[in-house]
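> Protein chains in written order, with our numbering: chain A, 39 to 164; chain B, 39 to 164. Heads up, the beta-carbon is just placed ideally off N, CA and C, and yes, glycines get one too. Here it is: the structure, laid out below.
2 protein chains.
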Amino acid sequence: MDAFTALADPVRRELLRQLAAGPARVVDMASAHPISRPAISKHLRALGSAGLVVADDVGRERHYRLDRAGIAPVTALLAELAPAPPIGERALDGLELEVRRAGRDRQAAEGARHTDDTTRTTEETA
Amino acid sequence: MDAFTALADPVRRELLRQLAAGPARVVDMASAHPISRPAISKHLRALGSAGLVVADDVGRERHYRLDRAGIAPVTALLAELAPAPPIGERALDGLELEVRRAGRDRQAAEGARHTDDTTRTTEETA
DNA sequence: ACTATTGGTAACCCGTGGGTTACCAATCTG
DNA sequence: CAGATTGGTAACCCACGGGTTACCAATAGT
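The structure is reproduced here in structure tokens:
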């Protein structure tokens with residue numbers, strides 16, 4: 039499971055917040071939530087497969103702790119979405135759209151898996 | 039829909055990346071993905087309800103653009119999970135672990151809702 | 001006025017994910 | 001050893017989300 043899917047569940051987010059305060063056992067986390075322990079166990083497995091938590095087996099107990107490396111994909115996406123362009127982004131909004139409009143057919147021809155462009159060629163070109 | 043659920047879908051993440059490069063129309067986004075246009079439309083509605091995108095109606099076209107304010111809950115969660123000390127975070131990575139290690143039992147005693155610490159006291163200390 | 005383009009909605013299918021109960025293995029404790 | 005605690009797994013149920021096709025409204029072009 040990827041980190042984004044893992045973070046989509048409010049219970050899992052709460053578990054992560056709980057683990058951010060320090061390692062915890064399954065029963066501890068289960069007692070802090072209204073759902074059953076198997077449900078918690080499943081959530082922890084999901085978080086583990088997403089690389090967000092790791093578990094240390096200590097006797098019969100299992101100590102889960104946060105693995106902060108797992109959030110890397112999220113920070114990466116945020117970085118993609120919040121780019122800091124040297125020039126004012128707002129000033130280019132209209133211009134960008136103009137560029138798209140001008141090169142529309144070219145982009146479609148090379149990038150997309152459009153079925154046919156015959157319908158499109160009739161549209162602009164002028 | 040909350041931002042986390044919105045970000046859980048790879049198609050929606052791709053749409054956001056696309057919009058990060060500038061506003062786009064629905065047909066443009068649909069042509070860039072292998073799924074149908076109604077599916078794209080649904081995704082955009084989801085992104086809108088999550089506050090991640092906004093739409094400007096221009097004639098018969100609808101120009102979607104990124105709304106960066108919508109990612110606030112995500113950055114907030116990341117902040118919760120990765121407590122950011124005012125000093126360089128990177129420089130403290132190892133130190134943090136040391137601090138955690140040193141104060142582990144204290145944190146567990148005050149922070150967690152452990153039922154009884156008798157079992158725990160036997161475990162470590164050594 | 002006619003036609004094409006854009007895009008939203010409705011109805012529907014189906015896979016998946018989150019929840020439950022029941023059960024079992026393994027480890028501490030008395 | 002007997003019993004209790006911890007925690008994972010299995011089987012199952014059901015709601016929801018993402019996909020499709022079909023249809024419709026509205027605007028732009030000719």
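#1: Using a C-beta cutoff of 9 angstroms, does residue 112 (chain A) count as contacting chain B?
#2: Any idea if residue 69 (chain B) is buried or exposed, counting beta-carbon neighbours within 10 angstroms, 16 or more meaning buried?
#3: Hey, residue 53 (chain B) and residue 113 (chain A) are a contact pair by Cβ (cut 8 angstroms); roughly how many whole angstroms apart?
#4: Output, in chain order, the set of chain B residues within a Cβ distance shorter than 8 angstroms of residue 106 (chain A).
#5: For chain B, is any of its Cβ atoms less than 9 angstroms away from the one on residue 76 (chain A)?
#6: Count the other CB atoms within 10 Å of the CB of residue 61 (chain B); is the residue buried (16 or more) or exposed (fewer)?
#7: Comparing the CB of residue 79 (chain A) with every heavy atom of the ligand GDP, is any distance shorter than 8 angstroms?
#8: Restricting to runs no shorter than 4 residues, where is the alpha helix (DSSP H) found entirely within the region 39–88 of chain B?
#9: Considering only residues of the same chain and omitting the five flanking positions on each side of residue 42 (chain B), which have a CB-CB separation below 8 angstroms?
#10: Would you mind telling me which residues of chain B sit closer than 8 angstroms to residue 109 (chain A), beta carbon to beta carbon, in chain order?
#11: Output the distance between the C-alpha atoms of residue 78 (chain A) and residue 45 (chain A), rounded to the nearest integer angstrom.
#12: Grab me the residues of residue 82 (chain A)'s own chain with a C-beta within less than 8 angstroms of its C-beta, minus the 5 sequence neighbours each way, in chain order.
#13: Express the C-alpha separation of residue 109 (chain A) and residue 56 (chain B) in angstroms, rounding to a whole number.
#14: If we count the other Cβ atoms within 10 Å of its Cβ and call it buried at 16 or more, is residue 88 (chain A) buried or exposed?
#15: Measure the C-alpha to C-alpha separation of residue 39 (chain B) and residue 47 (chain B) and round it to an integer number of angstroms.
#16: How would you label residue 51 (chain A), buried or exposed, when you count the other beta carbons within 10 angstroms and need 16 or more for buried?
#17: Throw me the rounded Cβ distance for the residue 98 (chain A) and residue 120 (chain B) pair, which I believe falls under 8 angstroms.
#18: I'd like to check one pair, residue 58 (chain B) with residue 118 (chain A): are the Cβ atoms closer than 9 angstroms?
#19: Determine the chain B residues that contact residue 98 (chain A) at a beta-carbon separation under 8 angstroms, and present them in chain order.
#20: Just list the residues that DSSP pairs residue 99 (chain A) with in beta bridges.
#21: Using a Cβ-Cβ distance cut-off of 9 angstroms, determine whether residue 45 (chain B) contacts chain A.
Taking the coordinates as given:
#1: The sequence position of residue 112 (chain A) within the first sequence is 74, counting from 1. By this cut-off, residue 112 (chain A) is an interface position.
#2: On the second sequence, residue 69 (chain B) is found 31 positions in, with the first residue counted as 1. Result: buried.
#3: For the purposes of this step, residue 53 (chain B) is identified with residue 15 of the second sequence, where counting begins at 1. For the purposes of this step, residue 113 (chain A) is identified with residue 75 of the first sequence, where counting begins at 1. Residue 53 (chain B) to residue 113 (chain A), Cβ: 19 angstroms. No contact.
#4: In the first sequence, residue 106 (chain A) corresponds to position 68, counting from 1. Chain B residues near residue 106 (chain A): 119, 120.
#5: On the first sequence, residue 76 (chain A) is found 38 positions in, with the first residue counted as 1. For residue 76 (chain A), the answer is no, since every Cβ of chain B falls outside 9 angstroms of its Cβ.
#6: Along the second sequence, read from residue 1 onward, the residue named residue 61 (chain B) stands at position 23. Buried is the call here.
#7: Ligands displayed in this structure: none; no statement on the ligand GDP is therefore possible.
#8: 41–45, 48–58, 64–69, 75–87
#9: Translated into positions along the second sequence, residue 42 (chain B) becomes position 4. The answer, listed in chain order, is 111, 112, 115.
#10: On the first sequence, position 71 is the one that residue 109 (chain A) refers to. Simply 116, 119, 120.
#11: Within the first sequence, residue 78 (chain A) is the residue found at index 40, counting from 1. Within the first sequence, residue 45 (chain A) is the residue found at index 7, counting from 1. Those two C-alpha atoms are separated by around 14 angstroms.
#12: For the purposes of this step, residue 82 (chain A) is taken as the residue at position 44 of the first sequence. Answer for residue 82 (chain A): 53, 64, 67, 91, 93, 102, listed in chain order.
#13: For the purposes of this step, residue 56 (chain B) is taken as residue 18 along the second sequence, with counting starting at 1. For the purposes of this step, residue 109 (chain A) is taken as residue 71 along the first sequence, with counting starting at 1. Rounded to whole angstroms, residue 56 (chain B) to residue 109 (chain A) spans 22 angstroms at the Cα level.
#14: For the purposes of this step, residue 88 (chain A) is taken as the residue at position 50 of the first sequence. Buried, since its Cβ has 16 or more Cβ neighbours within 10 Å.
#15: Counting from one through the second sequence, the residue named residue 39 (chain B) turns up at place 1. Counting from one through the second sequence, the residue named residue 47 (chain B) turns up at place 9. Each residue's alpha carbon lies about 12 angstroms from the other.
#16: As a working mapping, residue 51 (chain A) is identified with position 13 in the first sequence. By the neighbour-count rule (16 or more Cβ atoms within 10 Å), residue 51 (chain A) is buried.
#17: Stepping through the first sequence from its first residue, residue 98 (chain A) is reached at position 60. Stepping through the second sequence from its first residue, residue 120 (chain B) is reached at position 82. The pair is not a contact, with the Cβ atoms about 31 angstroms apart (cut-off 8 angstroms).
#18: Taking the first residue of the first sequence as 1, we reach residue 118 (chain A) at position 80. Taking the first residue of the second sequence as 1, we reach residue 58 (chain B) at position 20. Cβ atoms of residue 118 (chain A) and residue 58 (chain B): closer than 9 angstroms.
#19: Translated into the one-based positions of the first sequence, residue 98 (chain A) becomes position 60. Simply none; closest approach about 10 angstroms.
#20: Residue mapping note: residue 99 (chain A) aligns to position 61 of the first sequence, counting from 1. In the DSSP output, where bridge partners are listed per residue, residue 99 (chain A) has A:96.
#21: By one-based count along the second sequence, residue 45 (chain B) stands at place 7. So yes, residue 45 (chain B) belongs to the interface.
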